[in-house]
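Asks: All letters in the sequence shown, in the order written, are residues 455 to 670 by this note's numbering.
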Amino acid sequence: GEFTSFGLALGVSYGTYVTKAISLGVTMKLVHEKLASQGAGIEKGKGAGTSFAGDVGFMWKTTDKLTVAWVLRNVGPNITFIDADQADPLPQNLTVGFAYKILESGNSSVLFTTDVYKPLADEGFLSFVTGWSDSPPDEEFKDIDYHAGAEWNYNLSEDSAFALRAGYSHDEDGKRKSPTFGLGLKYNWASFDLSYFADNSAARRNSFRFSGGFSF
Numbered sequence: 455g456e457f458t459s460f461g462l463a464l465g466v467s468y469g470t471y472v473t474k475a476i477s478l479g480v481t482m483k484l485v486h487e488k489l490a491s492q493g494a495g496i497e498k499g500k501g502a503g504t505s506f507a508g509d510v511g512f513m514w515k516t517t518d519k520l521t522v523a524w525v526l527r528n529v530g531p532n533i534t535f536i537d538a539d540q541a542d543p544l545p546q547n548l549t550v551g552f553a554y555k556i557l558e559s560g561n562s563s564v565l566f567t568t569d570v571y572k573p574l575a576d577e578g579f580l581s582f583v584t585g586w587s588d589s590p591p592d593e594e595f596k597d598i599d600y601h602a603g604a605e606w607n608y609n610l611s612e613d614s615a616f617a618l619r620a621g622y623s624h625d626e627d628g629k630r631k632s633p634t635f636g637l638g639l640k641y642n643w644a645s646f647d648l649s650y651f652a653d654n655s656a657a658r659r660n661s662f663r664f665s666g667g668f669s670f
């Protein structure tokens, strides 16, 4: 048979400058995931669950062109789909990366970005430390995903911009290696983003990701 699965996160973020070059950000979000339309076997209930989580990030603008950042995502309680005794931990992960502005001319700019993504099996806020030692070192490094890409940004006005993106995602442990494409639109206080994974694996075939945000 066929089934549809999806994930949804609604969040509120707050960011502030610590210095002119360093900023911190925090996001609190409500997470809802639907994996299946019904339970498995004799289990009652539906294959959907809701929880809440937090993200924390750090960004350092080292020069006018180079920015370094890290973010710890999905710190929060386990999510229950069918049985509370078998609740699953949220997919905590740590991402570290940098962005370099290659070109800036008139209303256009080109940005190169790369990052490494590490899933964290341990629970709790200190998982970004303990999550590196729960498996042998060779397995820990196989868990790391690598991403690289470029963005062309065009300023439509002082408060509006349009962006086109292309990149590559390398997931050694999950055997997924694919190009990615995306676009973004910012209009006054609203922003919208769309990304597409050109991946033929069963887990991400024809996979799209939508996101939107509002600034106050």
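In this text, a Cβ means the ideal position worked out from N, Cα and C, and glycines have one as well.
Is it buried or exposed for phenylalanine 535, if we count other Cβ within 10 angstroms and need 16 for buried?
Replies: By the 10 Å Cβ count, phenylalanine 535 comes out buried.
Asks: What distance in whole Å lies between the Cβ atoms of proline 573 and asparagine 547, which are believed to be in contact at a cut-off of 8 Å?
Replies: About 5 Å; that satisfies the 8 Å criterion.
Asks: Cα separation between leucine 489 and threonine 568?
Replies: Between leucine 489 and threonine 568, the C-alpha separation is close to 30 Å.
Asks: From what residue to what residue does the alpha helix (DSSP H) around proline 591 run?
Replies: Run containing proline 591: 591 to 596, per the alpha helix (DSSP H) assignment.
Asks: At the level of alpha carbons, what is the spacing between alanine 652 and serine 632?
Replies: Rounded to whole angstroms, alanine 652 to serine 632 spans 6 Å at the Cα level.
Asks: If you check the beta carbons only, do leucine 478 and glycine 469 fall under 8 Å apart?
Replies: For leucine 478 and glycine 469, yes; Cβs fall inside 8 Å.
Asks: Return the chain-ordered list of same chain residues with a C-beta closer than 6 Å to the C-beta of tyrosine 650, the five sequence neighbours on each side being excluded.
Replies: Once the five neighbours on either side are set aside, the close Cβ partners of tyrosine 650 are Phe635, Phe662.
Asks: Any idea which residues DSSP pairs tryptophan 606 with across the strands?
Replies: Answer is Val564, Leu618, bridged to tryptophan 606.
Asks: From the DSSP secondary-structure annotation, give me the bridge partner or partners of tryptophan 524.
Replies: According to DSSP, tryptophan 524 bridges with Phe512, Val550.
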